[in-house]
Amino acid sequence: MKAKALLSIAVAGILAAGAGFLWYEKPNQPRILFIDSYHEGYAWSDGITAGIQGVLTGHDVVLKIHRMDTKRNGSEEFKKRAALKAKAVIDEFKPDLVIATDDNAQKYLVVPYYRGGDLPVIFAGVNWDASVYGYPASNVTGMVEVSAVREMIDIVREFSAGERIGSLGGDTTTMRKEVEMTKKILGIDFDEVAYVGTFDDWKKAYVEMQGKVDILYMYNNQGIEGWNDREAVRFVEENAVVPSASVQSWMAPYVLVTHTKDPVEQGEWAAQTALRVLNGVSTAAIPLTKNRRGQTIVNSGMAQRLNMEIPASVLSAAADVL
Numbered sequence: 020m021k022a023k024a025l026l027s028i029a030v031a032g033i034l035a036a037g038a039g040f041l042w043y044e045k046p047n048q049p050r051i052l053f054i055d056s057y058h059e060g061y062a063w064s065d066g067i068t069a070g071i072q073g074v075l076t077g078h079d080v081v082l083k084i085h086r087m088d089t090k091r092n093g094s095e096e097f098k099k100r101a102a103l104k105a106k107a108v109i110d111e112f113k114p115d116l117v118i119a120t121d122d123n124a125q126k127y128l129v130v131p132y133y134r135g136g137d138l139p140v141i142f143a144g145v146n147w148d149a150s151v152y153g154y155p156a157s158n159v160t161g162m163v164e165v166s167a168v169r170e171m172i173d174i175v176r177e178f179s180a181g182e183r184i185g186s187l188g189g190d191t192t193t194m195r196k197e198v199e200m201t202k203k204i205l206g207i208d209f210d211e212v213a214y215v216g217t218f219d220d221w222k223k224a225y226v227e228m229q230g231k232v233d234i235l236y237m238y239n240n241q242g243i244e245g246w247n248d249r250e251a252v253r254f255v256e257e258n259a260v261v262p263s264a265s266v267q268s269w270m271a272p273y274v275l276v277t278h279t280k281d282p283v284e285q286g287e288w289a290a291q292t293a294l295r296v297l298n299g300v301s302t303a304a305i306p307l308t309k310n311r312r313g314q315t316i317v318n319s320g321m322a323q324r325l326n327m328e329i330p331a332s333v334l335s336a337a338a339d340v341l
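Whatever position you read off the sequence shown (first residue = 1), add 19 for the numbering used here.
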């Protein structure tokens with residue numbers, strides 16, 4: 020790809036366009052297509068989007084967003100169709116560079132159609148291990164998403180009654196990969212694992228876990244059909260017995276301790292790297308990296324209900340919720 024010069028000129032206006040949105044276009048502007056595996060309104064996707072937009076605002080580029088919506092639609096058939104739709108957007112929009120986030124965009128779109136080609140691709144949100152997709156590739160680099168599971172469990176161990184750890188979450192590709200990679204990379208083997216499809220199944224599994232484990236890890240609630248935020252808060256208030264934890268900020272109302280990842284960081288890095296590539300740096304010259312930013316959140320209301328005294332070392336570095 021022949022690099023196009025970038026000018027620090029504010030982009031004016033936002034127009035609806037096709038499957039996503041398009042920043043107002045002027046002649047000869049470099050084009051960036053952001054392909055999101057998931058959907059607008061999902062906190063993780065919204066954070067990445069905010070990071071990308073925040074960096075690109077003020078640069079003379081065109082940004083188009085396309086959402087594959089594969090979090091709410093988990094079948095193989097849907098994912099394959101979503102990838103073909105995204106490919107059609109690429110064919111029509113003819114971007115100079117693609118930002119592709121999370122695993123499904125890699126597995127169903129980038130790897131089969133673009134890896135090793137001429138179109139530069141910057142990824143983010145790929146959980147734990149990018150080598151499964153043959154990354155880095157000659158035209159692909161990115162930020163690997165890692166979770167601070169070990170650090171989070173070490174925090175909760177300070178006030179748990181034992182060492183047994185359970186994992187509870189939606190029956191999704193990401194959730195299964197998270198459990199697999201937590202064992203493979205961190206050596207943390209869950210004593211109990213439950214993947215659930217519905218909110219009723221989640222409630223049943225949650226209660227069962229209270230008698231089987233000493234620490235309950237709830238990575239995510241996405242992919243759980245019928246999930247109700249208010250009802251989930253009420254349910255954990257009434258049924259929590261053991262300390263629980265997560266690494267996703269939106270899970271803080273349902274667990275005792277959250278040691279978060281920052282999706283904005285991933286979007287910012289992807290956009291900054293995209294600008295470097297558009298200015299002439301080869302994707303092959305940019306090494307893979309990992310996310311680093313995060314925050315500890317303590318659910319003080321749950322701590323009181325569980326009659327658990329959170330160590331001062333945890334509280335001093337934590338933000339309260341509820």
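Every residue gets a Cβ at the ideal spot worked out from N, C-alpha and C, and that includes glycine.
query	result
Nearest to V215 (by Cα), restricted to the options I234, G242, R100, V117	G242
Continuous alpha helix (DSSP H) assignments of at least 4 residues falling wholly in the segment 100–181	168–176
Selected residue, minimal CA-CA separation from D281, among P272, V266, A290, V274	V266
Sufficient close CB pairs (3 or more, under 8 Å) joining the segment 224–241 to the segment 185–194	yes
Cα-Cα separation, Y61 to A180	34 Å
Separation of G189 from P272, as counted between CA atoms	17 Å
Classification of K83 by the beta-carbon crowding that lies within 10 angstroms, buried from 16 upward	buried
Test item: CB-CB of H58 and R100 under 8 Å	no
Buried or exposed (CB count within 10 angstroms, at least 16 for buried), K98	buried
Burial state of G144, where buried means 16 or more other Cβ atoms lie within 10 Å	buried
Check whether A124 and I71 have beta carbons under 8 Å apart	no
Straight-line gap, A119 to K126 (C-alpha atoms, nearest Å)	11 Å
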